[in-house]
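Residue numbering for the sequence shown follows the numbering used here, beginning at 10 and increasing consecutively.
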Amino acid sequence: MLKKYLEAGQVVGTHGVRGDLRVKPWCDSAAFLARFRTLYLDAGQTPVRVRAAHVVKNMLVLRLDGVDSVERADLLRGRVLYFDRADAHLPPGRYFMDDLIGLGVYDADTFVYYGRLTEILRTGANDVYRVTSMDHKNYLLPAVPEMVRQIDLKKGRMLVRPIKGIFDDED
């Protein structure tokens, strides 16, 4: 089952003297988060209205209702902000990282089970998926269309066509 509230980022400090917050985004871009009018604290339990948002050096700067001083803003330092999945719209073929973690990874041609996607590594050029097999071996799979053939969140699986050597333990 897909989570209703997804982690957006973490409050890392204050900005200015009016109680604005500096937020380190946990997604592709701070600009994606700047579009939300409501974010949440406490794993989605506490909504907070966003009065203003802008991006400064890949960080999100937020002004929230009820946070009008540096002292109040500082109380939120270290807290995680969440967004409601229903408020986010991704283009086809794009997925939230939280939705990919835990997918079963299978060969697209033979349906051989390779393991579970356990981590997504952000390398800059393209993401790399860490796949952990049933015998606890870790494999690194480049997240490129040539290898990742299909993602099916409803079935909880990813079909891949890996190049030789990724899963067959060749040296």
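C-beta atoms are modelled at their ideal positions from N, C-alpha and C, and glycine is treated no differently. A quick note: this is a predicted structure, and the numbers were derived from the prediction, not measured.
query = So what does DSSP say about Arg187, is it helix, strand or coil?
reply = For the chain, the structure presents residues 10 to 180; residue 187 sits outside this window and is missing.
Residue burial classification, Ala52 (beta-carbon count within 10 angstroms, cutoff 16) = exposed
query = So the alpha helix (DSSP H) Phe41 belongs to, where does it begin and stop?
reply = Ala39 to Ala43
ask   = Could you give the C-beta distance for Leu168 and Asp108, rounded to a whole number, given that I count them as a contact under 8 Å?
value = At roughly 16 Å, the Cβ-Cβ gap does not stay under 8 Å, so Leu168 and Asp108 are not in contact.
request  = Identify the continuous alpha helix (DSSP H) that holds Met106 and give its terminal residues.
outcome  = Met106 to Leu109
inquiry  = Buried or exposed for Gly133, going by 16 or more other Cβ atoms inside 10 Å?
reply    = exposed
message = Closest to Tyr115 by C-alpha separation, out of Thr47, Phe176, Gly22 and Lys13, would be which residue?
response = Phe176
ask   = When you compare only the Cα positions, how much space is there between Leu149 and Val140?
value = 6 Å
request  = Determine the extent of the alpha helix (DSSP H) in which Val121 is found, giving its start and end residues.
outcome  = Val121 -> no alpha helix (DSSP H), and no H or E assigned at all.
message = Excluding the 5 residues flanking Val26 on each side, which residues of the same chain have their C-beta closer than 7 Å to its C-beta?
response = Val79
task = Identify, in the order they occur along the chain, each residue of the same chain with its Cβ nearer than 6 Å to the Cβ of Gly18, setting aside the five sequence neighbours on each side.
result = Val32, Lys33, Pro34, Trp35 and Leu90
ask   = What's the gap between the Cα of Phe181 and the Cα of Ile129?
value = Outside the shown range of the chain (10 to 180) lies residue 181, about which nothing can therefore be said.
request  = Look up Gly113 in the DSSP assignment and give the residues it is bridged to.
outcome  = Arg125 and Arg166
query = DSSP three-state call for Glu155: helix, strand or coil?
reply = coil
query = Going straight from the alpha carbon of Val137 to that of Met156, what length do you get?
reply = Taking the straight line joining both Cα atoms gives about 11 Å.
ask   = In or out: Asp180 buried (at least 16 other Cβ within 10 Å) or exposed?
value = Because the pLDDT at Asp180 is just 49, under 50, the model does not fix this residue reliably, and the value given afterwards should be weighed accordingly. It is exposed - the Cβ of Asp180 has fewer than 16 other Cβ atoms within 10 Å.
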